[in-house]
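A.B. asks: Mapped onto my numbering, the consecutive letters of the sequence shown carry residue numbers 2 to 310.
Pasting a structure here, questions to come.
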Amino acid sequence: MEFRIDVMSQINEKFAKMSKGHKKIATFIMDHYEQAAFMTAARLGDTVGISESTVVRFAYALGYEGYPEFQDALADWVKNKLNSVQKIGAKYGKSTQSEILTSVLTADMEKISDTIEHVDPHAFETAVDSILGARNVYVVGLRSCEPLARMMQFYLNMIRANVHLVCSSSASEMFEQMIRVNEKDVVIGISYPRYSMRTLKMMEFANDRNAKVITMTDSIHSPMCLYSSCNLMARTDMVSIVDSLVAPLSLINALIVALCLKRPNDVKKHLESLEHVWDNYQVYQKDEINFLDETTLLTTPLQREKDKK
């Protein structure tokens, strides 16, 4: 039986309408595809806590003639992902280091240009206003998107209070961190292929609690758009074995700058407060001593006692 789209795309497209049991299977497969590809229906069912017959029905629901055919399709998808190193050799094998550098950076520039053309200015403005007006802001980003989420949380914290980074290896722990989310809050979900089902679950939960949901993803076909009322699109791609997240990073930079311009006084006060703390508690002096000076700026009690002598 021929399929026009791969097994993961099928799971993404059908996820929103799946039953609770099927969503559990889909979530496990998306997060642990390397293991799932070699599991029998019974083993997969035991792992996620549902019956073997439910796993078989899951395969049928995706359009496969049975679980063995679904498992073959999943194994082919995994094999294709693991062959990425071989694809690097085919594409760059005869290139010099300089040519590789130019090729990768040029590709990243193209992704940024594409993002400029397709990002929705209205959605961008809505995101800025929503972030500033929310009681709490929760930022969710897992796997390769976690650095993006951490960076966003770090800089948002300079602009406003009550910014929370939701991160954990356990979906249940993530729900605990967002258990009080409601209509006064904003949840920002960041996810690019391969999409994180745990991030999607957090966005579904936020949507059910009537929170404002903002997503950063790659296209309108992304499952991350299912529960979002504000979609910020940034093009991404797989470069060898790593995800190219240059365009999403630039989009986050733009958000931070726009937010800073909306609240310049708050940012100034925050930075001045930080400078006072750094100076008062000598946060950076030991690490950033200017060795061109004959003396250091360390003024510990022990140093002062020595100076008196």
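In this text, a Cβ means the ideal position worked out from N, Cα and C, and glycines have one as well.
My parser needs the alpha helix (DSSP H) runs of 4 or more residues fully inside the stretch 5 to 54; what are they?
C.D. replies: 8 to 15, 21 to 32, 34 to 37 and 42 to 49
A.B. asks: Following the continuous beta strand (DSSP E) through residue 213, name the residue where it begins and the one where it ends.
C.D. replies: 213 to 218
A.B. asks: Would DSSP call residue 61 helix, strand or coil?
C.D. replies: helix
A.B. asks: If you compare alpha carbons, which of 149, 161 and 159 is closest to residue 167?
C.D. replies: 149
A.B. asks: Do the stretch 40 to 59 and the stretch 110 to 117 meet, that is, are 3 or more Cβ pairs less than 8 Å apart?
C.D. replies: no
A.B. asks: Classify residue 67 as helix, strand or coil using the three-state DSSP reduction.
C.D. replies: Residue 67: coil per DSSP, three-state reduction.
A.B. asks: Going by C-alpha to C-alpha distance, which of 13, 52, 213 and 228 sits closest to residue 32?
C.D. replies: 13
A.B. asks: Assuming contact is defined by CB atoms lying nearer than 8 Å, are residue 141 and residue 234 in contact in what I supplied?
C.D. replies: no
A.B. asks: From 145, 159, 219 and 138, pick the residue whose C-alpha is nearest to that of residue 181; which is it?
C.D. replies: 138
A.B. asks: Can you check the stretch 147 to 202 for any beta strand (DSSP E) of at least 3 residues that lies completely inside it and give the ranges in chain order?
C.D. replies: 164 to 167 and 187 to 191
A.B. asks: Do the stretch 154 to 162 and the stretch 101 to 111 meet, that is, are 3 or more Cβ pairs less than 8 Å apart?
C.D. replies: no
A.B. asks: So what does residue 233 bridge to, in DSSP terms?
C.D. replies: 217
A.B. asks: Where do the N-terminal and C-terminal ends of the beta strand (DSSP E) with residue 138 fall, by residue?
C.D. replies: 138 to 142
A.B. asks: Using three-state DSSP, classify residue 245 as helix, strand or coil.
C.D. replies: strand
A.B. asks: Rounded to the nearest angstrom, how far is the Cβ of residue 135 from that of residue 187, given a contact under 8 Å?
C.D. replies: 4 Å
A.B. asks: Hey, residue 48 and residue 71 are a contact pair by Cβ (cut 8 Å); roughly how many whole angstroms apart?
C.D. replies: Between residue 71 and residue 48 the Cβ distance is about 16 Å, and since that is not below 8 Å, they are no contact.
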